[in-house]
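In case it helps, our numbering puts the sequence shown at residues 110 to 336.
Just so it is clear, CB atoms sit at the ideal spot from N, CA and C, and this is done for glycine as well.
On a predicted model such as this, the values are computed, not experimentally measured, just so you know.
Here the structure is laid out as structure tokens; the discussion comes afterwards.
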Amino acid sequence: MRQSNDPYAGLSGETIRPIQTLSRIALEAIERLIADGSLKSGDRVNESHLAELLGISRGPVREAVHSLEQMGLLVSVTNRGMFVRALSLEEAQHLYELRSALAGLAGRLIAVRGTDEDINTLIALVHEMDMAVSKDDAETYFRLNLDFHEKLIGAAGNPALQATYQRIVKQLLLMRRRGLVQAHNIRISNEEHRVIVDALRMRDADAAETAMRIHVENGFKRIADAG
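Here it is, written out as structure tokens:
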């Protein structure tokens, strides 16, 4: 559990990768804070504090903030600054409907042309998530879940699909955590993951497409039920 009230406490310049541009460093840092729940809907993004922690100037941070605004994660409030966007349930539903269609296509593509290595990696992640479920460790489960879905879409071997899907799920970071905070929900979620990887292992394109769509649709139901 996070001990500090400072949402930026886990960041430092030590995480900087030299090949990244400074604005990309800042952008990924803010995305990470939103993904792990340190920055929540309605929170203000403190550009000065973030720049200081990352050891960069405010310019790249400001550029990253504007990029995230265009991506739909942040919203500008006149004379107040930039805030994490509050995504409505209706907006989330629209995004989940599109995500479901893309996920179904990805499942079909992976079953047809995904590599055995890709599928084995996904199976291993499901096993890791089982361990998190057994410990009622929602935080670890959420992190592994993000990794699972990122690798899942990457295994489809379609860069256009991957780019479109990632734009959608970045906005859904604003709400996805709240559907997975209960032990009951993470258990059901991983059972659905197991159905997906079983279909992929069998190279059953129809079953993989169906399992992917059902998982995404159920994900939205968990968010809606969480209120």
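Apart from sequence neighbours up to five positions away, the residues of its chain that approach glycine 263 with a beta-carbon distance below 7 Å are Gln271, ordered along the chain. If you draw a straight line from the Cα of methionine 191 to the Cα of valine 154, it comes to about 6 Å. Between leucine 198 and lysine 330, the alpha-carbon positions lie close to 11 Å from each other. A check of alpha carbon separations from isoleucine 297 across Ala212, Arg312, Glu318, Ala241 identifies Ala241 as the nearest.
Note on proline 268: under 16 other CB atoms within 10 angstroms of its CB, so exposed under the neighbour-count rule. Remark: C-beta atoms of glutamine 280 and leucine 204 approach each other more closely than 8 Å. Taking each of Thr273, Asn114, Pro169 in turn and checking the Cα distance to glutamate 137, the smallest one comes out for Pro169.
According to the DSSP assignment, valine 170 belongs to the alpha helix (DSSP H) that extends over 167-180. The beta carbon of serine 132 lies closer than 6 Å to those of Pro169, Glu172, Ala173 in the same chain, with the five residues before and after it left out.
Of the residues Ala210, Ser209, Ser150, Leu309, the one whose Cα lies closest to the Cα of leucine 196 is Ser150. The beta carbon of serine 157 sits closer than 7 Å to those of Arg167, all from its chain and outside the five residues before and after it, given in chain order. Between arginine 217 and alanine 314, the beta carbon gap of about 5 Å places them in contact (Cβ cut-off 8 Å). Going by DSSP, methionine 191 is part of the beta strand (DSSP E) stretching over 190-193.
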